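Peer 1: Structure incoming, see below.
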Amino acid sequence: MLGHDHALSGALAFAVVAPLLPVSGIQLAVAVALTAGAGVLPDLDEPGSTIARTFGFLTGAFAWIVHRLSGGHRKGTHSLLGVGLMTIAALWAGSFQQGAAANSQHQELWWHLVPAGLILALLFSAGLRALYIGGHHGDLFGIALAVLVLWQRWDLVEVTSWHVPVLAVSVALGMLAHLAGDMLTHDGCPLLYPVSRQEFGLLPEPVRITTNKLAERWVISPLLLIGLAYFIYRDVSPALTTATSAGWP
Ligand SMILES: [Zn+2]
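Here you go:
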């Protein structure tokens, strides 16, 4: 599946579950953008992929390391273990960042912001790049967004009952959406890697799609866009209604 469809599917996944989360307005937009980036995160195991080229040789070298560690392209990062490990990394970055806030009188604790900042900058920039938003300025915009989110601590807003911060929710949702997307294609995903190399798919073999062929371009991409538009409208319309009725009694 193409990078932009993976990014769209991540954004869609967040828009679908958004009513369960305490985010609205600009926080919702930011979380949707973050999850779009997490939608291309599993392809960090491929040095030529969109996300691997986000920050030039820096992300390229990192992708090469991920490629070696995860067993190659579409292996570890496309498994449930990979999703779990990345989510734990996001949780850890969030709690490390929280440590800085708890001791904000100590200037030297700025480096507590670094892991979460790196994840945010990578995901925002990769998401914008995958969606062809902004070109090279997209990377700068992604970094600026990361700084804004860190400063406002929006990535730490917790999902009420589970106490899971938005950053970890976005990483898990975006990666799962990516796996689901690849499971619509002929390749499938090795969900149980490294225990088993079996490739799992969501569709019977004859109707699985081929990346960048007619079915993806004319069925999957438009469906993702329509779905995203619908769920974003659903997410923001109660706020619009309230705003309108408040303004026009
Ligand atoms: Zn993939």
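If you want this note's numbering, it's the 1-based position in the sequence shown plus 199.
C-beta atoms are modelled at their ideal positions from N, C-alpha and C, and glycine is treated no differently.
All values reported here derive from a predicted model rather than from experimental measurement.
(1) Under the assumption that Asp434 contacts Pro218 (Cβ atoms under 8 Å), give the Cβ distance between them as a whole number of angstroms.
(2) Cβ of Pro241 within 7 Å of any heavy atom in ligand 1?
(3) Cβ-heavy atom distance between Asp381 and ligand 1 below 7 Å?
(4) Would you say the beta carbon of His277 is closer than 7 Å to some non-hydrogen atom of ligand 1?
(5) Identify whether Thr253 lies in helix, strand or coil by the three-state DSSP scheme.
(6) Should Leu330 be labelled buried (16 or more other beta-carbon atoms within 10 Å of its own) or exposed?
(7) From Pro448 to Thr441, what does the alpha carbon distance come to, in whole angstroms?
(8) Taking the alpha helix (DSSP H) that Gln397 belongs to, which residues open and close that run?
(9) Whose C-alpha, out of Arg396, Ile225, Ala235 and Ala292, is nearest the C-alpha of Ile332?
(10) For the segment 357-371 and the segment 264-275, state whether three or more C-beta atom pairs, one from each stretch, are separated by less than 8 Å.
(11) Does Pro389 pass the burial test, meaning 16 or more other C-beta atoms within 10 Å, or should it be called exposed?
(12) Taking only heavy atoms of ligand 1 into account, decide whether any of them is closer than 7 Å to the Cβ of His377.
(13) Looking at C-beta atoms only, is the number of pairs between the segment 272-288 and the segment 366-381 that lie closer than 8 Å three or more?
(14) Count the other C-beta atoms from every protein chain shown that fall within 10 angstroms of the C-beta of Phe323, then say buried if there are 16 or more, exposed otherwise.
(15) Quick one: what's got a C-beta closer than 7 Å to Val348's C-beta in the same chain, skipping five residues either side?
(16) Counting only the same chain and skipping the five closest in sequence on each side, list residues whose C-beta sits under 6 Å from that of Arg396.
(17) Which ranges does the alpha helix (DSSP H) cover as unbroken runs of at least 4 residues, wholly within the segment 277-357, from first to last along the chain?
(18) Going by CA-CA distance only, name the one from Leu423, Val346 and Ser369 that's closest to Trp309.
Peer 2: Let me spell this out:
(1) Translated into the one-based positions of the sequence shown, residue 434 becomes position 235. Translated into the one-based positions of the sequence shown, residue 218 becomes position 19. Taking 8 Å as the upper bound for CB-CB distance, Asp434 and Pro218 are in contact here, some 7 Å apart.
(2) Taking the first residue of the sequence shown as position 1, residue 241 is located at position 42. Pro241 Cβ: within cutoff of ligand 1.
(3) Locating residue 381 in the sequence shown gives position 182, counting from the first residue. For Asp381, the shortest C-beta to heavy atom distance toward ligand 1 is below 7 Å.
(4) Within the sequence shown, residue 277 is the residue found at index 78, counting from 1. At least one heavy atom of ligand 1 is nearer than 7 Å to the Cβ of His277, so yes.
(5) Along the sequence shown, one-based indexing puts residue 253 at 54. In the structure shown, the three-state DSSP call for Thr253 is coil.
(6) Start at 1 with the first residue of the sequence shown, and residue 330 comes out as number 131. So Leu330 ends up on the buried side.
(7) Along the sequence shown, read from residue 1 onward, the residue named residue 448 stands at position 249. Along the sequence shown, read from residue 1 onward, the residue named residue 441 stands at position 242. Low per-residue confidence applies at Pro448: pLDDT is 48, beneath 50, and the placement is therefore not dependable, though the value from the model is reported in the following sentence. When rounded, the distance between both Cα atoms is 10 Å.
(8) Residue numbering aside, residue 397 sits at position 198 when the sequence shown is read from its first letter. Here Gln397 belongs to no alpha helix (DSSP H), and DSSP marks it neither H nor E.
(9) The count along the sequence shown starts at 1 and reaches residue 332 at position 133. The shortest C-alpha separation from Ile332 is found at Ala235.
(10) No: the two stretches stay apart, fewer than three of their Cβ pairs being nearer than 8 Å.
(11) The sequence position of residue 389 within the sequence shown is 190, counting from 1. Per the 10 Å Cβ criterion, buried.
(12) The residue labelled residue 377 in the question sits at position 178 within the sequence shown. Yes; taking the cut-off as 7 Å, the Cβ of His377 has a heavy atom of ligand 1 nearer than that.
(13) Here the segment 272-288 lies against the segment 366-381, with 3 or more beta-carbon pairs under 8 Å apart.
(14) Taking the first residue of the sequence shown as 1, we reach residue 323 at position 124. By the Cβ-count criterion, Phe323 is buried, with 16 or more other Cβ atoms from all chains shown falling within 10 Å of its own Cβ.
(15) Translated into the one-based positions of the sequence shown, residue 348 becomes position 149. These residues qualify, in order along the chain: Val229, Leu319 and Asp354.
(16) Indexing the sequence shown from 1 puts residue 396 at position 197. Once the five neighbours on either side are set aside, the close Cβ partners of Arg396 are Pro389.
(17) Here the runs fully enclosed are 279-301, 313-329 and 334-351.
(18) Taking the first residue of the sequence shown as position 1, residue 309 is located at position 110. For Trp309, the nearest C-alpha among the options comes from Val346.
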